[in-house]
Amino acid sequence: MAARVVKSLINGKYVVPKALSQSFTLLNAATLAPETSFSAADKVQVDDAVAAGRSAQRHWKRLSSAQRGAILRKTADILTAQTDEIATLETLDTGRPIAETKATDVLSATDCLNYYGGMCPSIGGQHLELTGGSWAYTKREPLGVTAGIGAWNYPLQSAAWKSAPALAFGNSMVFKPSEETPLTALKLAEAYLEAGVPEGVFNVVLGASETGKALVQHENIAKVSFTGSVETGKNVYAEAARNLKKVTMELGGKSLLIVFEDAVVEEAVAGAMMGNWYSSGQVCSNGTRVFVQRKIFKEFVQRMHERTLKLRIGDPLDLTTDIGPMINE
132 MAARVVKSLI NGKYVVPKAL SQSFTLLNAA TLAPETSFSA ADKVQVDDAV AAGRSAQRHW
192 KRLSSAQRGA ILRKTADILT AQTDEIATLE TLDTGRPIAE TKATDVLSAT DCLNYYGGMC
252 PSIGGQHLEL TGGSWAYTKR EPLGVTAGIG AWNYPLQSAA WKSAPALAFG NSMVFKPSEE
312 TPLTALKLAE AYLEAGVPEG VFNVVLGASE TGKALVQHEN IAKVSFTGSV ETGKNVYAEA
372 ARNLKKVTME LGGKSLLIVF EDAVVEEAVA GAMMGNWYSS GQVCSNGTRV FVQRKIFKEF
432 VQRMHERTLK LRIGDPLDLT TDIGPMINE
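See below:
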């Protein structure tokens with residue numbers, strides 16, 4: 132079966148680069164069959180996306196915060212109605228078991244949209260009494276066009292967590308999903324449009340490092356939100372600093388679980404199983420090191436071993452599967 136062809140979404144329309152650009156064919160992580168293909172957005176398309184964001188943001192910021200909040204909550208409702216479809220796309224893209232993607236991915240995105248949608252009506256400044264009986268009033272102003280660069284392990288969550296707060300406060304966003312997982316960011320963009328977000332407020336550019344670099348370097352991007360590795364984060368930070376852009380980062384970790392001898396061993400093992408094997412072990416916050424006090428060490432290892440042997444490795448679209456394939460191996 133031929134791979135589905137997807138495109139960047141700019142100013143409410145799916146577009147392809149006008150010139151030759153890097154092309155990608157993504158394989159189904161479980162079967163290695165061609166799953167998705169696309170051409171990377173070039174610098175011209177990044178320019179177009181930022182220009183669309185600047186133009187649309189002028190209208191978006193003039194809506195009342197309550198109006199923006201209602202649109203974000205409607206977006207959450209649209210995604211909820213598409214839970215099964217989106218979970219399947221996440222599994223095809225990432226290889227994570229469908230039981231996980233159905234349980235967490237859409238819910239984590241819609242929770243974020245509903246949270247910021249509910250916060251919107253209370254967005255405001257401060258009023259401060261000054262000496263002499265006068266008052267000072269402050270007003271929160273949006274930054275303008277923001278950039279989001281997402282990770283491959285939770286693609287929809289990453290796109291929603293970056294875009295929902297940006298849009299809630301009247302900003303627009305150009306979002307680049309990981310080149311490994313482009314599908315659900317485009318579904319989020321479609322949901323935003325259906326809910327009433329104006330064309331150009333949320334744009335999706337597909338591509339790898341060169342596309343991300345063009346986005347981070349763009350003079351009209353006011354802030355960058357990045358999720359990824361420490362090394363790439365250093366490069367993003369350095370590029371953003373050239374234009375004094377604000378930057379928020381969520382970088383990879385090497386998290387630690389510590390189990391003391393007075394712990395309930397079975398509960399500690401359950402936590403370690405969750406912390407090591409969830410999402411096939413591909414989460415930045417996983418407990419990839421486990422320190423156990425000597426007195427309970429042997430018992431802990433034995434129970435951990437027994438439970439690990441019971442994990443079901445298999446087709447990620449099978450609801451009984453515990454461990455699916457790696458993202459690209």
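In the numbering used here, the protein residues as written are 132 to 460. Every residue, glycine too, gets a C-beta built ideally from N, C-alpha and C.
Member of Pro286, Pro273 and Lys205 whose CA lies at the smallest distance from the CA of Tyr246: Closest in C-alpha terms to Tyr246, from the list Pro286, Pro273 and Lys205, comes Lys205.
Integer Cβ distance of Ala182 from Pro329, believed to fall under 8 Å: Wrong, their Cβ atoms sit about 14 Å apart, outside the cutoff.
Span of the beta strand (DSSP E), counted from its first residue to its last, around Ile458: It is not in any beta strand (DSSP E) - Ile458 carries neither H nor E in the DSSP assignment.
Inter-stretch contact at 8 Å, needing at least 3 Cβ pairs: the region 360-378 / the region 188-202: Under the 8 Å Cβ criterion, the region 360-378 does not count as touching the region 188-202, having fewer than three qualifying pairs.
Cβ distance (whole Å) where Val432 is taken to contact Leu388 below 8 Å: Between Leu388 and Val432 the Cβ distance is about 13 Å, and since that is not below 8 Å, they are no contact.
Three or more C-beta pairs below 8 Å linking the region 143-159 and the region 343-360: These segments do not touch.
Helix, strand or coil at Phe333 [DSSP, three-state]: Residue state, collapsed to three classes: strand.
Distance, His190 Cα to Val305 Cα: Taken atom to atom, the span from the alpha-carbon of Val305 to that of His190 is near 16 Å.
Sub-7 Å separation of Pro286 and Thr315 beta-carbons: Note that the C-beta distance between Pro286 and Thr315 is below 7 Å.
Member of Val347, Ile427, Arg135 and Lys149 whose CA lies at the smallest distance from the CA of Arg373: Comparing Cα positions, the closest option is Val347.
Distance between Leu324 and Ala278 (C-alpha atoms, nearest Å): Roughly 18 Å between the two C-alpha positions.
CA nearest to the CA of Leu513, picked from Cys415, Leu244, Glu321 and Val332: Residue 513 cannot be examined here, being either before or after the span of the chain that is shown, 132 to 460.
Gln176 burial status per 10 Å Cβ neighbour count (16 or more: buried): Buried.
3 or more residues per run - each beta strand (DSSP E) lying fully within the region 276-343: When DSSP assignments are scanned along the region 276-343, the uninterrupted stretches of beta strand (DSSP E) that are 3 or more residues long and fall wholly within it turn out to be 276-280, 303-307 and 333-335.
Cα-Cα separation, Pro252 to Ala299: Computed Cα separation, rounded: 10 Å.
Alpha-carbon spacing of Leu337 relative to Pro228, whole angstroms: Computed Cα separation, rounded: 25 Å.
Which of helix, strand or coil DSSP assigns to Val414: Reduced to three states, the DSSP call for Val414 is coil.
Terminal residues of the beta strand (DSSP E) in which Ile352 lies: Counting along the chain, no beta strand (DSSP E) covers Ile352, and no H or E run does either.
Burial state of Val136, where buried means 16 or more other Cβ atoms lie within 10 Å: With fewer than 16 Cβ atoms within 10 Å of its Cβ, Val136 is classed as exposed.
Reduced DSSP category for Phe391 - H, G, I as helix; E, B as strand; rest coil: It is coil, neither helix nor strand.
Three CB pairs or more closer than 8 Å across the region 224-239 and the region 259-270: No, the region 224-239 is not in contact with the region 259-270.
Neighbourhood of Trp283 by C-beta distance below 6 Å, restricted to the same chain and skipping five residues each side: Hits under 6 Å: Ser309, Glu311, Thr312 and Ile458.
Asp449 versus Lys192: straight-line alpha-carbon distance, rounded: Straight-line Cα distance between these residues: approximately 44 Å.
Span of the beta strand (DSSP E) around Val378: Its beta strand (DSSP E) spans residues Lys377 to Leu382.
Lys270 (DSSP reduced to helix, strand or coil): In this structure, Lys270 counts as coil in the three-state DSSP scheme.
Closest Cα partner of Pro296 within the set Leu259, Thr342, Gly263 and Val355: Out of Leu259, Thr342, Gly263 and Val355, the CA that lies nearest to the CA of Pro296 is found in Val355.
CB contact flag (Ser170, Ala134, <7 Å): No, Cβ-Cβ distance for Ser170 and Ala134 is not below 7 Å.
Beta-carbon contacts of Leu442 that lie in its chain and below 8 Å, excluding the five residues immediately before and after: Cβ within range, chain order: Trp408, Asp453 and Ile454.
Nearest residue (CA-CA) to Ala339, options Asp393, His258 and Ala172: Here the closest residue by C-alpha is Ala172.
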